[in-house]
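Visitor:
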Amino acid sequence: NYFAPGHRIRIEISSSNFPRFDRNLNTGGNNYDETKAVIARNAVHHSKQYPAEITITVVKNK
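If you want it as structure tokens, here you go:
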């Protein structure tokens, strides 16, 4: 992808990446036996005690 000056990117946090990875119903049980899902709440901690980092590799256009 090419990002021109002023472009923005959106980062989405998810507890699932189906169908790339098996589904996660967020119950803590066996995903193959579960039939009901639980809504997950995801949090990104970003403090001195819980630092967070996102690394984006920049490749300069030739």
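Per my numbering, the sequence shown starts with residue 198, numbered consecutively. The beta carbon of each residue, even a glycine, is placed where N, CA and C say it ideally should be.
#1: Should the stretch 225 to 233 be regarded as contacting the stretch 243 to 253, the criterion being three or more beta carbon pairs within less than 8 Å?
#2: Is Ser-212 closer than 7 Å to Asn-239 when the C-beta atoms are compared?
#3: With a threshold of 8 Å on Cβ separation, who are the neighbours of Ala-249 within its own chain once the five nearest residues in sequence on each side are excluded?
#4: Is it true that the CB of Ala-201 sits closer than 7 Å to the CB of Asn-223?
Guide: According to the structure shown:
#1: no
#2: yes
#3: Val-241, His-242 and His-243
#4: no
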